[in-house]
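Asker:
Numbering (my numbering), first residue to last: 29 to 288.
1) Please state whether the Cβ-Cβ distance between residue 229 and residue 269 is less than 9 Å.
2) Indicate whether residue 138 and residue 195 have their beta-carbon atoms separated by less than 9 Å.
3) Count the other C-beta atoms from every protein chain shown that fall within 10 angstroms of the C-beta of residue 82, then say buried if there are 16 or more, exposed otherwise.
4) With distances taken Cα to Cα, identify the nearest neighbour of residue 91 among 227, 48, 67.
5) Apart from the five residues on each side of it in sequence, which residues of its chain come closer than 8 Å, Cβ to Cβ, to residue 60?
6) So what does DSSP say about residue 133, is it helix, strand or coil?
7) Could you spell out the range, first to last residue, of the beta strand (DSSP E) harbouring residue 81?
8) Give the DSSP bridge partners of residue 90, in chain order.
9) Within 10 angstroms of its Cβ, does residue 206 collect 16 or more other Cβ (buried), or is it exposed?
10) For residue 175 and residue 244, what's the separation of their Cα atoms in angstroms?
11) Starting from residue 173, trace the alpha helix (DSSP H) in both directions and tell me its first and last residue.
12) Do residue 151 and residue 131 have their C-beta atoms within less than 9 Å of each other?
13) Got a sec, what are the start and stop residues for the alpha helix (DSSP H) residue 36 sits in?
14) Extract the residue ranges of the beta strand (DSSP E) inside the stretch 198-257, only unbroken runs of 3 or more that lie entirely within it.
15) Roughly how far, in whole angstroms, is the beta-carbon of residue 237 from the beta-carbon of residue 274, given that I think they are within contact range, below 8 Å?
16) Using the beta-carbon count (16 or more within 10 Å), is residue 263 buried or exposed?
17) Does the Cβ of residue 154 have 16 or more other Cβ atoms within 10 Å, making it buried, or fewer, making it exposed?
18) With H, G and I counted as helix, E and B as strand and the rest as coil, what does DSSP make of residue 66?
19) Please confirm whether residue 141 and residue 220 have their CB atoms less than 9 Å apart.
20) Go to residue 186, then tell me how far its alpha helix (DSSP H) extends in each direction, as first and last residue.
21) Using C-beta distances below 6 Å, list every residue in its chain close to residue 216, excluding the 5 sequence neighbours before and after it, in chain order.
22) Leaving out five residues before and five after residue 180 in sequence, what residues of the same chain have Cβ atoms less than 7 Å from its Cβ?
23) Alpha carbon to alpha carbon, how far is residue 276 from residue 283?
24) Let me make sure I understand the geometry here. Which of 127, 122, 159, 250 has the alpha-carbon closest to that of residue 88?
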C-alpha cells in the first residue's frame, strides 16, 4: 500500500483515505497506486459491501493533479507518444469496481478531484466544500475527466463550470443533483453512515451484478441494452441471494445475504 493512501476498515465498509493533507490530497502516481490497491483489496474480501473514498483533514477531498511545472511553464503530465495516463487507468478501474464507491467530500474537490468525485457512484459532502474545474484559469481544459462530468452534470451547467472555471459549493451542487447530499461539516459522518447502512444491508450480489450491467448498458444502443438486460436478469434470478430475497419476502423476514 502506498504511503500516500491509508486504508480503514469498519465492518462491511472499507475507507480509502488520500493521505496528503499538506498537498491538499493532490493526485500523483503513488496516490493512484494506493487507491487501486485499496479497490483490489476490497473486492478480494467478500465481507466488504461498500468502499468510501475521502481525503485526509478537513481542507480538501482532492485538489486535482499534483502538477510539476517545467522551466518553460508547462506541466509534465502526459507523454504524447504514450498517452496511457495513470489517472485515466484509475478512472477505468473505478468503473470496473463491483462494489459501490461513495465519495466522502470532506473539503474542496477541484479539477481532477472533481473528476474523482464524479467517478464515484454516490457522494456525501460538507455543504461548504468547493467543487469545480478551474482549468481554464491556467489555459487548459478538464479534458480527461469530461466523460465523468458528462455522466453527472447537465450540459448547460457543465459548460458554465468549464468555461468560467468558477466553483460552486456542495450545497448548490446537491440542489443540482451533482452530489447526493450536502450537510454541515459536523453531520458529514453521520449522514455518510446513514447512506452506507441503506446500501450494505441490501443484496451484495444484486448490487455487484447491477453495477456491472449499468456500466455495460451505458455504452449500448437501446435495442442491445434490452437484450443484455434480459440476459442479466435471468442470470441474477438464479443466484442464491435472489432466491433468499424472494423467500424472505414471502416469509416476511429480513433476508440473510450470502453474496452468492
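Quick reminder that beta carbons are idealized off the backbone N, C-alpha and C, glycines included.
Note that the structure is predicted; figures quoted are calculated from it, not measured.
Answerer: By the coordinates alone:
1) Your numbering for residue 229 matches position 201 in the chain shown. Your numbering for residue 269 matches position 241 in the chain shown. No. Outside cutoff.
2) Within the chain shown, numbered from 1, the residue matching residue 138 stands at position 110. Within the chain shown, numbered from 1, the residue matching residue 195 stands at position 167. Cβ distance < 9 Å, so residue 138 and residue 195 count as in contact.
3) For the purposes of this step, residue 82 is taken as the residue at position 54 of the chain shown. Around the beta carbon of residue 82, 16 or more other beta carbons lie within 10 angstroms, which makes this residue buried.
4) Stepping through the chain shown from its first residue, residue 91 is reached at position 63. Closest option to residue 91, Cα to Cα, is 48.
5) Here residue 60 refers to the residue found at position 32 of the chain shown. If we look at residue 60 and ignore the five residues flanking it on each side, its Cβ neighbours are 114, 115, 117, 118.
6) On the chain shown, position 105 is the one that residue 133 refers to. Here residue 133 sits in strand by DSSP.
7) Along the chain shown, read from residue 1 onward, the residue named residue 81 stands at position 53. Looking at the DSSP string, the run of the beta strand (DSSP E) that includes residue 81 is 78-83.
8) One-based indexing of the chain shown puts residue 90 at position 62. Bridge partners of residue 90: 137.
9) On the chain shown, residue 206 is found 178 positions in, with the first residue counted as 1. Label assigned to residue 206: buried.
10) Residue mapping note: residue 175 aligns to position 147 of the chain shown, counting from 1. Residue mapping note: residue 244 aligns to position 216 of the chain shown, counting from 1. About 15 Å.
11) Counting from 1 along the chain shown, the entry for residue 173 is found at position 145. Careful: residue 173 lies outside any alpha helix (DSSP H) and carries neither H nor E.
12) Here residue 151 refers to the residue found at position 123 of the chain shown. Here residue 131 refers to the residue found at position 103 of the chain shown. It is a contact, given that the beta carbons lie within the stated cut-off.
13) In the chain shown, the residue the question calls residue 36 occupies position 8. From DSSP, residue 36 is part of no alpha helix (DSSP H) but of the beta strand (DSSP E) over 33-38.
14) With a minimum length of 3 residues, the continuous beta strand (DSSP E) runs that stay inside the stretch 198-257 are 209-211.
15) Taking the first residue of the chain shown as 1, we reach residue 237 at position 209. Taking the first residue of the chain shown as 1, we reach residue 274 at position 246. Not a contact, Cβ separation roughly 16 Å.
16) Counting from one through the chain shown, the residue named residue 263 turns up at place 235. Counting Cβ neighbours within 10 Å, residue 263 comes out exposed, since fewer than 16 surround it.
17) By 1-based counting over the chain shown, the position of residue 154 is 126. Per the 10 Å Cβ criterion, buried.
18) Mapped onto the chain shown, residue 66 falls at position 38. In this structure, residue 66 counts as helix in the three-state DSSP scheme.
19) Position 113 of the chain shown, counted from the start, is the residue given in the question as residue 141. Position 192 of the chain shown, counted from the start, is the residue given in the question as residue 220. No, Cβ-Cβ distance for residue 141 and residue 220 is not below 9 Å.
20) Taking the first residue of the chain shown as position 1, residue 186 is located at position 158. Unbroken alpha helix (DSSP H) run through residue 186: 183-192.
21) Indexing the chain shown from 1 puts residue 216 at position 188. Excluding sequence neighbours, residue 216 sits near 154.
22) Translated into positions along the chain shown, residue 180 becomes position 152. 146, 206, listed in sequence order.
23) Locating residue 276 in the chain shown gives position 248, where the first residue counts as 1. Locating residue 283 in the chain shown gives position 255, where the first residue counts as 1. Each residue's alpha carbon lies about 5 Å from the other.
24) Here the question's residue 88 lines up with position 60 in the chain shown. For residue 88, the nearest C-alpha among the options comes from 159.
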